[in-house]
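Chemist: Chains as they are written, first to last, in my numbering: chain P, 466 to 672; chain C, 466 to 672.
Below you will find the structure I want to go over with you.
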DNA sequence: GCTGCGGGTGAGCGAGCGCTTAGAGTGCCC
DNA sequence: GGGCACTCTAAGCGCTCGCTCACCCGCAGC
């Protein structure tokens, strides 16, 4: 819903909407710390230290440590929905749209692995209310991918016996990239995106 | 209770090798607690309580909380290697062996989701030495699957442009089952195993 | 120059953590 | 029956956690 401030490289700074500056620095520090050590193993002192502030400064901008995780998770999931929705709504065949959805979603998980890790693996650390809100966003993610696959089946482009199961598998494959992707490894996010788009097209039996 | 280990259902009690009885009860309690809340969010008091013992009893059988995780992780990884090695060494075409490897590996992740979660997602909570040991087992897991895929390519059964990348994707798909399974209660481990075996055969271009 | 105010700090609170210690209960060999 | 080894507990140590509080600083309005 916000104006596009997107750069070409793109995914390094999706936190532009967070103000004021100190609140953003704390949030970025929290993302790094949560991704490295996990939510429960991260201390508020560590977060504040990474942001160059005292532990008490955190509580001027956020009520609790959990609110930080909630904010990160919501912004991240909104970005994920945005990526898939954009791909789903472009012009082209279902095959082209699915390839674009998978490759851009994978690029996001690989390139922004720090953020993606927190978004995908720290859901259980949220309280019930926050978790329910995030789960609603996840259902939107699922619906976008399922929509493309259904389009492909209707158009006769895909051969998919089990649409919900295949949707689950496609998303699972993309999400797990955040777990194993290594910045120092031999593959770039672009290469993984391309490989995965090809594998997914095979999974749906696209010609 | 005696040493009657493996039941027909099989995956509920792979902890028969852990003795004495109290040590096994503590370990099973730790698996449940780690899977539910994560390693860092689990307290030694919680583990001991689930096993019906006092907090101090834990330290008679294990030196530290981390040793519990280490033991769980090693036994779980050994089981994973065992499952894949068994599938890889059966008689049959590469297609049959890959299908068997994927379906049994997925069945283990889905049915023993509690254990699999700890094994797959708490690796970073281990210290450097323990992590190094576990990573060696993971390389064996990778090698088993890659071996089957290479066999299939050589035999002309598979069409795989990128063997290491496809191996990674196949394992990633199976492992991520531990994250999402039972959130959607409508599938049995057997059904997911069958679905995934089919999807993987499509990924490798099997006939 | 004084005041009000939003963003910041140093010190520290109560709680809960991983882990230890002193000692009790139980079975076994002599 | 006495000594010993093993298992387990009640109590609690030292520490670090998330979070709070009393106070400070730079700056805009008057």
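Yeah, the Cβ is synthetic: ideal placement off N, Cα and C, and Gly gets one too.
What do you get for residue 572 (chain P), buried or exposed, if any count of 16 or more other CB atoms within 10 angstroms of its CB means buried?
Modeler: With a threshold of 16 other beta carbon atoms within 10 Å, residue 572 (chain P) meets it and is buried.
Chemist: Find the residues of chain P that neighbour residue 638 (chain C), judging by a C-beta separation of less than 8 Å, and give them in chain order.
Modeler: 634, 637, 638 and 641
Chemist: For a test of the three-state rule: what should DSSP assign to residue 570 (chain P), helix, strand or coil?
Modeler: helix
Chemist: State the Cα-Cα distance for the pair residue 661 (chain P) and residue 653 (chain P), rounded to the nearest angstrom.
Modeler: 12 Å
Chemist: Name the residue from C:603, C:599, C:557 and C:598 whose alpha carbon lies nearest to the alpha carbon of residue 616 (chain C).
Modeler: Comparing Cα positions, the closest option is C:557.
Chemist: Report the rounded CA-to-CA distance for residue 598 (chain P) versus residue 607 (chain P), giving the unit in angstroms.
Modeler: 15 Å
Chemist: Could you tell me whether any Cβ in chain P is nearer than 8 Å to the Cβ of residue 476 (chain C)?
Modeler: Caution applies to residue 476 (chain C), whose pLDDT of 47 falls short of 50 and renders its modelled position unreliable; the model cannot decide the point.
Chemist: Leaving aside the five residues before and after residue 500 (chain C) along the sequence, list all residues of the same chain whose C-beta is less than 6 Å from its C-beta, in chain order.
Modeler: The beta carbon of residue 500 (chain C) is closer than 6 Å to those of 579, 582 and 583 in its chain, skipping five residues each way along the sequence.
Chemist: Taking three-plus beta-carbon pairs below 8 Å as touching, is the region 590 to 597 of chain C in contact with the region 610 to 627 of chain P?
Modeler: no
Chemist: Taking C-beta pairs closer than 8 Å, name the residues in chain P that residue 522 (chain C) reaches, listed in chain order.
Modeler: Per Cβ cutoff of 8 Å: no residues; residue 522 (chain C) is ~24 Å from chain P at best.
Chemist: Buried or exposed for residue 659 (chain P), going by 16 or more other Cβ atoms inside 10 Å?
Modeler: Around the Cβ of residue 659 (chain P), a 10 Å sphere holds 16 or more other Cβ atoms; the residue is buried.
Chemist: Once the 5 residues before and after residue 664 (chain P) are set aside, which same chain residues still bring their CB inside 6 Å of it?
Modeler: none
Chemist: Whole angstroms is fine: what's the gap from residue 563 (chain P)'s alpha carbon to residue 528 (chain C)'s?
Modeler: Answer to the nearest angstrom: the Cα atoms are 51 Å apart.
Chemist: Quick test of your reading: residue 533 (chain C) and residue 600 (chain C), contact by CB under 8 Å. State the CB separation rounded to the nearest angstrom.
Modeler: Cβ atoms of residue 533 (chain C) and residue 600 (chain C) stay farther apart than 8 Å, at about 19 Å.
Chemist: Could you check if residue 654 (chain P) belongs to the surroundings of the ligand MG, using beta carbon to heavy atom distance under 7 Å?
Modeler: Ligands in the displayed structure: none, and consequently the ligand MG is not present.
Chemist: Interface residues of chain P around residue 650 (chain C) at Cβ under 9 Å?
Modeler: Those within 9 Å of residue 650 (chain C) in chain P number zero; the least Cβ separation is about 13 Å.
Chemist: Hey, out of P:569, P:565 and P:535, whose CA is closest to residue 586 (chain P)'s CA?
Modeler: P:535
Chemist: Whole angstroms is fine: what's the gap from residue 603 (chain C)'s alpha carbon to residue 543 (chain C)'s?
Modeler: 9 Å
Chemist: Would you list, in chain order, the members of the region 534 to 549 of chain C that have their beta-carbon closer than 9 Å to a beta-carbon of chain P?
Modeler: Contacts with chain P (Cβ-Cβ distance below 9 Å) from the region 534 to 549 of chain C involve no residue at all.
Chemist: Cβ closer than 7 Å: which chain P residues qualify as neighbours of residue 660 (chain C)?
Modeler: 627 and 630
Chemist: What whole-angstrom Cβ distance do residue 498 (chain P) and residue 512 (chain P) have, given they're in contact under 8 Å?
Modeler: That belief holds up - the Cβ atoms of residue 498 (chain P) and residue 512 (chain P) are roughly 5 Å apart, short of 8 Å.
Chemist: Could you confirm whether any beta carbon from chain C is found closer than 8 Å to the beta carbon of residue 506 (chain P)?
Modeler: Output row for residue 506 (chain P): interface = yes.
Chemist: Given a cut-off of 8 Å, decide if residue 483 (chain P) and residue 489 (chain P) are closer than it, judged by their beta-carbon atoms.
Modeler: yes
Chemist: Tell me the DSSP secondary structure of residue 664 (chain C) in three-state form.
Modeler: helix
Chemist: Applying the criterion that 16 or more other CB atoms from any shown protein chain within 10 Å of the CB defines a buried residue, is residue 641 (chain P) buried or exposed?
Modeler: buried
Chemist: Scan the region 524 to 558 of chain C and note each continuous alpha helix (DSSP H) run of 4 residues or more that stays entirely inside, going in chain order.
Modeler: Fully enclosed alpha helix (DSSP H) runs of 4 or longer: 530 to 554.
Chemist: For residue 525 (chain C) and residue 519 (chain C), I'd like the C-alpha separation in whole angstroms.
Modeler: Each residue's alpha carbon lies about 11 Å from the other.
Chemist: Roughly how far, in whole angstroms, is the beta-carbon of residue 548 (chain C) from the beta-carbon of residue 568 (chain C), given that I think they are within contact range, below 8 Å?
Modeler: The Cβ separation is near 10 Å, so there is no contact.
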